[in-house]
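Okay, structure first, notes after.
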Amino acid sequence: MTAPQEIPGLAELGKEVPIGDIDQELREFFATDETVTKASLLNLAVYSEQSDALATNPPIIRELTRENACRSLLVLSLPGPERSVRAWVEAHCHLTEAGAKAACSEQVSFLLIGGSPSLVRSMIFSNTDSDLPLVLWWQGEISEVFEERLHARIDRLIFDSAQWASPTAPLFRLSASLKEGARFVPHDLSFTRGSALRACLAACFEEPRAREALPQLDAIEIRHSPGQPGFMAALWLITWITHRLGWTLQGSASIHGTYLFRSKNGRAVEAHLISTPDSGPALVGLKTWGAGFVFEASLDDDQDYWKLLIQFDTLQQESLFPARSQTPCGLLGEILGRAGRNRSMIEALPRLRELLVSN
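FYI, the numbering for the sequence shown is 158 to 516, going by the numbering used here.
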């Protein structure tokens, strides 16, 4: 158990207030300063059971609200022998384009000691702007707090499967919730890490000759950074590719990072996930080939662009595609900016679970 005085970041959370005074304190902030205006397009609840969350999350929210105005609710829940609740309020303000007023996003932070799932729900639901959608960013392992009475009222669920010791069970749990009628849209940050490379591949196969070569693929090789974030991003990428192409999983030899597939025309195809020795972005490169052709994508030296190479015999074509931010703020901003139903990820979930089970 972590004592309150040992929890980092509490002194930087703004003004500590009684739970019942949160709304009043926020109203007074905007009423007494004519140079600021409230800005909010959604509620963003961030839930964590890691003791450093109230130190690491506010800088992310501060940067995120430059482009995504929201009311953020930062909830840290820790075990303890007795129940206690503390709250802080502050606002992240950024100058508008006109420059006359600053647009400010509210932040409410909670420290729950010895709390229960019902207390977590109460702190979140009683402090949201009811007219706006609710996004829940769940950090770390899925615990007992994540149950139907919580997820029934959220619009989007953001999580990172790379943070889970064993992703199979929680992914099955999420899939079961969706099948049972849960209305939230799931977003895995591990899936989002591959968005730029997916866009690069999609653009590659818009070229007629490249599209005609798809049935002749022999192998796919994905290079990723060491560790779970790189592995899960690579696994999601091969999941997306094989699901879109309608391939069938034949088996795996996970000790070698190799998965065996059968294409729709009966062709045997191997997929290799290769961990590189250097740390860096989750995904480092992709290469796929067949008889007489090679498609290869790799990051440039500054990691700002994906370099795409398409080669047919002696014909070679190169192009550049922007790489996207891999920071937590960049990934969150991409999800919030796109919105939508995230069908490409949801539809591929069964294939991801299939690969995890075979691994």
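For glycine and all other residues, C-beta sits at the position ideal for the given N, C-alpha and C. Nothing here was measured: the structure is a model prediction, and the numbers come from that model.
Assumed close pair residue 351, residue 430 - CB separation to whole angstroms, cut-off 8 Å
On the sequence shown, residue 351 is found 194 positions in, with the first residue counted as 1. On the sequence shown, residue 430 is found 273 positions in, with the first residue counted as 1. Rounded to whole angstroms, the Cβ separation of residue 351 and residue 430 is 12 Å, and the two are not in contact under 8 Å.
Skipping 5 residues on each side, what residues in its chain have a beta carbon closer than 6 Å to that of residue 389?
As a working mapping, residue 389 is identified with position 232 in the sequence shown. So the qualifying residues of the chain are 318, 319 and 347.
Cβ pair residue 379, residue 402 closer than 7 Å
Numbered from its first residue, the sequence shown carries residue 379 at position 222. Numbered from its first residue, the sequence shown carries residue 402 at position 245. The answer is no: Cβ separation not under 7 Å.
Under the three-state DSSP convention, the category residue 178 falls into:
Counting from one through the sequence shown, the residue named residue 178 turns up at place 21. If DSSP states are grouped into helix, strand and coil, residue 178 belongs with the helices.
One or two residues paired with residue 277 in a DSSP bridge:
Counting from one through the sequence shown, the residue named residue 277 turns up at place 120. Residue pairing by DSSP leaves residue 277 without any beta bridge partner.
Quick check: the Cα distance between residue 446 and residue 165, rounded to an integer number of angstroms?
Taking the first residue of the sequence shown as position 1, residue 446 is located at position 289. Taking the first residue of the sequence shown as position 1, residue 165 is located at position 8. Each residue's Cα considered, the two are about 50 Å apart.
Measure the alpha-carbon distance for residue 512 versus residue 396 and round it to whole angstroms.
For the purposes of this step, residue 512 is identified with residue 355 of the sequence shown, where counting begins at 1. For the purposes of this step, residue 396 is identified with residue 239 of the sequence shown, where counting begins at 1. Between residue 512 and residue 396, the C-alpha separation is close to 8 Å.
Does the distance from the CB of residue 478 to the CB of residue 467 come in under 7 Å?
Taking the first residue of the sequence shown as position 1, residue 478 is located at position 321. Taking the first residue of the sequence shown as position 1, residue 467 is located at position 310. Taking 7 Å as the Cβ cut-off, residue 478 and residue 467 do not qualify as a contacting pair.
Residue 287 to residue 178, Cα distance in whole Å?
In the sequence shown, counting from the first residue as 1, residue 287 sits at position 130. In the sequence shown, counting from the first residue as 1, residue 178 sits at position 21. Using only the alpha carbons, I get a separation of about 18 Å.
Under the rule that 16 or more other beta-carbon atoms within 10 Å means buried, what is residue 225, buried or exposed?
Along the sequence shown, one-based indexing puts residue 225 at 68. By the neighbour-count rule (16 or more Cβ atoms within 10 Å), residue 225 is buried.
Check residue 215 in the structure and name its three-state DSSP category.
Locating residue 215 in the sequence shown gives position 58, counting from the first residue. Residue state, collapsed to three classes: helix.
Rounded to whole angstroms, what's the CA-CA distance from residue 418 to residue 399? Just pull it up for me.
Numbered from its first residue, the sequence shown carries residue 418 at position 261. Numbered from its first residue, the sequence shown carries residue 399 at position 242. Their backbone Cα atoms lie some 8 Å apart in a straight line.
Looking at C-alpha atoms only, which residue of 501, 176 and 374 is the closest neighbour of residue 343?
Position 186 of the sequence shown, counted from the start, is the residue given in the question as residue 343. Here the closest residue by C-alpha is 501.
Answer yes or no: do residue 271 and residue 239 have a C-beta to C-beta separation smaller than 7 Å?
Residue 271 sits at position 114 when you count from the first residue of the sequence shown. Residue 239 sits at position 82 when you count from the first residue of the sequence shown. Cβ distance < 7 Å, so residue 271 and residue 239 count as in contact.
For the beta strand (DSSP E) that residue 425 lies in, which residues bound it at each end?
Counting from one through the sequence shown, the residue named residue 425 turns up at place 268. Counting along the chain, the beta strand (DSSP E) containing residue 425 begins and ends at 425–432.
Can you tell me which of 367, 231, 459 and 337 puts its alpha carbon nearest to the alpha carbon of residue 211?
Locating residue 211 in the sequence shown gives position 54, counting from the first residue. Minimum Cα distance to residue 211 is reached at 231.
Sub-7 Å separation of residue 294 and residue 203 beta-carbons:
The residue given as residue 294 occupies position 137 in the sequence shown. The residue given as residue 203 occupies position 46 in the sequence shown. In this structure, residue 203 lies closer than 7 Å to residue 294 by Cβ.
Can you tell me the Cα-Cα spacing of residue 508 and residue 383, whole angstroms?
For the purposes of this step, residue 508 is identified with residue 351 of the sequence shown, where counting begins at 1. For the purposes of this step, residue 383 is identified with residue 226 of the sequence shown, where counting begins at 1. So the two alpha carbons sit approximately 23 Å from each other.
Can you tell me which of the three DSSP states residue 374 falls into?
Your numbering for residue 374 matches position 217 in the sequence shown. The answer is strand: DSSP assigns residue 374 an E or B state.
Hey, residue 206 and residue 234: beta-carbon distance below 7 Å or not?
Residue mapping note: residue 206 aligns to position 49 of the sequence shown, counting from 1. Residue mapping note: residue 234 aligns to position 77 of the sequence shown, counting from 1. Yes. Within cutoff.
Alpha-carbon spacing of residue 448 relative to residue 375, whole angstroms
Numbered from its first residue, the sequence shown carries residue 448 at position 291. Numbered from its first residue, the sequence shown carries residue 375 at position 218. Computed Cα separation, rounded: 8 Å.
Out of 311, 358, 359 and 261, which one is the CA nearest neighbour of residue 340?
Translated into the one-based positions of the sequence shown, residue 340 becomes position 183. Looking at the Cα atoms, 311 is the closest of the given residues.
Count the other CB atoms within 10 Å of the CB of residue 472; is the residue buried (16 or more) or exposed (fewer)?
As a working note, residue 472 is residue 315 in the sequence shown. Exposed, by the Cβ-count rule.
Would residue 263 and residue 244 qualify as a contact pair, given that the criterion is a beta-carbon distance under 7 Å?
As a position in the sequence shown, residue 263 is number 106, starting the count at 1. As a position in the sequence shown, residue 244 is number 87, starting the count at 1. Result no, Cβ atoms of residue 263 and residue 244 do not sit closer than 7 Å.
Under 6 Å Cβ to Cβ from residue 332, same chain only, skipping five residues before and after it: list those, please.
As a first step, residue 332 must be located in the sequence shown, where it is residue number 175. Scanning its chain for C-beta atoms nearer than 6 Å, with the 5 sequence neighbours on each side dropped, one finds around residue 332 the residues 506, in chain order.
Per DSSP, what are the beta-bridge partners of residue 408 in this structure?
To locate residue 408, count along the sequence shown from 1; it is residue 251. Per the DSSP secondary-structure output, residue 408 pairs in a beta bridge with 417.
Please go through the same chain and pick out, in chain order, the residues whose beta-carbon is closer than 8 Å to the beta-carbon of residue 482, but skip the five residues on each side of it.
The residue you call residue 482 lines up with position 325 of the sequence shown. If we look at residue 482 and ignore the five residues flanking it on each side, its Cβ neighbours are 488, 490 and 491.
Given a cut-off of 7 Å on the beta-carbon distance, is the pair residue 277 and residue 302 in contact?
Numbered from its first residue, the sequence shown carries residue 277 at position 120. Numbered from its first residue, the sequence shown carries residue 302 at position 145. For residue 277 and residue 302, yes; Cβs fall inside 7 Å.
Report the CB separation of residue 236 from residue 169 in whole angstroms; it is logged as a contact under 8 Å.
Translated into positions along the sequence shown, residue 236 becomes position 79. Translated into positions along the sequence shown, residue 169 becomes position 12. Not really, about 24 Å apart at Cβ, beyond 8 Å.
Need the endpoints of the beta strand (DSSP E) that residue 241 sits in, please.
As a working mapping, residue 241 is identified with position 84 in the sequence shown. Element bounds for residue 241: 241–252.
Buried or exposed: residue 222, going by 16 or more other Cβ atoms within 10 Å of its Cβ?
What you label residue 222 is simply residue 65 of the sequence shown in a count that begins at 1. Note on residue 222: 16 or more other CB atoms within 10 angstroms of its CB, so buried under the neighbour-count rule.
Report the rounded CA-to-CA distance for residue 515 versus residue 442, giving the unit in angstroms.
Locating residue 515 in the sequence shown gives position 358, counting from the first residue. Locating residue 442 in the sequence shown gives position 285, counting from the first residue. Approximately 24 Å between the Cα atoms of the pair.
Determine the contact status of residue 174 and residue 261, defining contact as a CB-CB distance below 7 Å.
Sequence index remark: in the sequence shown, residue 174 carries index 17 (1-based). Sequence index remark: in the sequence shown, residue 261 carries index 104 (1-based). The Cβ atoms of residue 174 and residue 261 do not sit closer than 7 Å to each other.
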